[in-house]
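In my numbering, the protein residues as written are 268 to 776.
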């Protein structure tokens, strides 16, 4: 059991320490969560919505203060902290306030005529205790949103926030303590790998993880020992395709923001750009001009702040240095100081798919740009990656843009915009290939924290069913007639014979 240091990555200032939870404390938290589920799981959705409303009011009232503390804990610009951590979270809460009861309500579904007079319905039941293991790049939003999604579905939750940003974990714990709620419906555990492993070993009823592919695979392997369902929101290598008829000024602005917001530490950031060769010179000029104008430095003075994780800096440097060694050109940036948490926004050209910068997740303020000559080539290059989280297509021809978008191997695609699909709470979010398993947000995301229970109800008036024992020749005749009439080509068995068989069935059963 170790100690976590609360540090401002931009300034290096130590703001405190935090004791990690022990494996024993993890198991005690699981016991408390299971006891709390006994009450919370049977609480009406309307009461859960009331709790959400109170939480939203607190979040809005204290939003600027929370954003400032998030900025200090992550090194991100304060405005970005407010927009992406506070605003998006409040918007998602409001969405569930308005729609959760409808999304979780029992749903009647059609019943085939052969099963008449039975009635069918689907009911969404909570799973139990959900473990949420969250990342450091958006440590508030990517913790609170899945926690609240699980809660509103009727589960109790144990959250393990990232050990890289422990200060935000403390903020979240204080948030849930500040809003009156039944005891132990949300618990926060602090620590690194050992705490995460202990949490999985405690056998929650579902695990929701956001983070790297490597860690996601380890969690999935451990969870598989007990067949614990997992949802994995993992990394990306998100392509941006700029077609010949794109609005270049808008596309350049989108590329710069999409690549450098949060210093590129975004799973949905623009990690590679493919530009039609005819518009490449003008696009590159615009991107360089806009990147050079960015204010880079301390979060309270800049548009691009510091990196959050020291380990990530090493990966970014390695990718850039390898690309330069293999012939890439640094149009802007590209040189890094030996110490410090600030990396300059960097534009690379002359890159190829033989370089890590075009195939592996970089997660830093780097914008590599390639050209293409045909639509087919752009699609092939965009799909040439093990990831499939997000992509963007830029064109003023709606039909063309949608045609390209639907050929991309990606869970999310923006047309003439970047990243923004995550901001619509109506849309499910998740990746394909190695970018993840499952979806959250939207109706699908809320229902993902439930068991779908299928119920079929018979009035129970008849002595037995047509398919029950004993088997008779009349049953054979009736089933053959039903099959030919309902599913055959044309009317191979006339309605008079069907009616006669049906009357015989009623007489017999």
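No residue lacks a Cβ here, since even glycine has one placed at the ideal position from N, Cα and C.
Bridge-paired residues (DSSP) for residue i
| i | result |
| --- | --- |
| residue 639 | 543 |
| residue 374 | 389 |
| residue 724 | 386 |
| residue 476 | 400 and 499 |
| residue 506 | 539 |
| residue 524 | Answer by DSSP bridge pairing: none, since residue 524 is not bridged. |
| residue 655 | 699 |
| residue 283 | 273 |
| residue 661 | 509 |
Residue i, buried or exposed, once every other Cβ within 10 Å from all chains shown has been counted against 16
| i | result |
| --- | --- |
| residue 473 | buried |
| residue 337 | buried |
| residue 439 | buried |
| residue 755 | exposed |
| residue 403 | buried |
| residue 536 | buried |
| residue 377 | exposed |
| residue 525 | buried |
| residue 563 | buried |
| residue 640 | exposed |
| residue 408 | buried |
| residue 727 | exposed |
| residue 505 | buried |
| residue 750 | exposed |
| residue 268 | exposed |
| residue 724 | exposed |
| residue 324 | exposed |
| residue 738 | exposed |
| residue 421 | buried |
| residue 707 | buried |
| residue 663 | exposed |
| residue 453 | buried |
| residue 286 | exposed |
Cβ-Cβ distance between residue i and residue j below 7 Å
| i | j | result |
| --- | --- | --- |
| residue 319 | residue 360 | yes |
| residue 413 | residue 342 | no |
| residue 483 | residue 499 | yes |
| residue 574 | residue 604 | no |
| residue 410 | residue 416 | no |
| residue 558 | residue 515 | no |
| residue 283 | residue 273 | yes |
| residue 629 | residue 583 | yes |
| residue 503 | residue 654 | yes |
| residue 363 | residue 717 | no |
| residue 451 | residue 303 | yes |
| residue 340 | residue 434 | yes |
| residue 398 | residue 419 | no |
| residue 389 | residue 374 | yes |
| residue 480 | residue 456 | no |
| residue 316 | residue 367 | yes |
| residue 508 | residue 668 | no |
| residue 705 | residue 715 | yes |
Cβ separation of residue i and residue j, assumed to be a contact under 8 Å, to the nearest whole Å
| i | j | result |
| --- | --- | --- |
| residue 615 | residue 635 | 4 Å |
| residue 601 | residue 613 | 5 Å |
| residue 312 | residue 371 | 5 Å |
| residue 334 | residue 567 | The pair is not a contact, with the Cβ atoms about 12 Å apart (cut-off 8 Å). |
| residue 446 | residue 322 | 5 Å |
| residue 543 | residue 591 | At roughly 25 Å, the Cβ-Cβ gap does not stay under 8 Å, so residue 543 and residue 591 are not in contact. |
| residue 632 | residue 610 | 6 Å |
Cβ pair count under 8 Å reaching 3, the region 657-666 against the region 620-638
Result no; under three Cβ-Cβ pairs closer than 8 Å.
The region 672-685 / the region 511-527 touching (three or more Cβ pairs under 8 Å)
Because the criterion of three Cβ pairs below 8 Å is met, the region 672-685 and the region 511-527 touch.
Answer yes if the region 462-470 comes into contact with the region 440-453, meaning at least three C-beta pairs across the two stretches below 8 Å, and no otherwise.
Segments in contact, no.
Taking contact to mean at least 3 C-beta pairs separated by less than 8 Å, is the region 452-468 in contact with the region 425-438?
Pairwise C-beta distances place the region 452-468 in contact with the region 425-438, as three or more of them are shorter than 8 Å.
Contact between the region 701-716 and the region 542-559: three or more CB pairs below 8 Å?
Flag = no, the region 701-716 and the region 542-559 do not touch.
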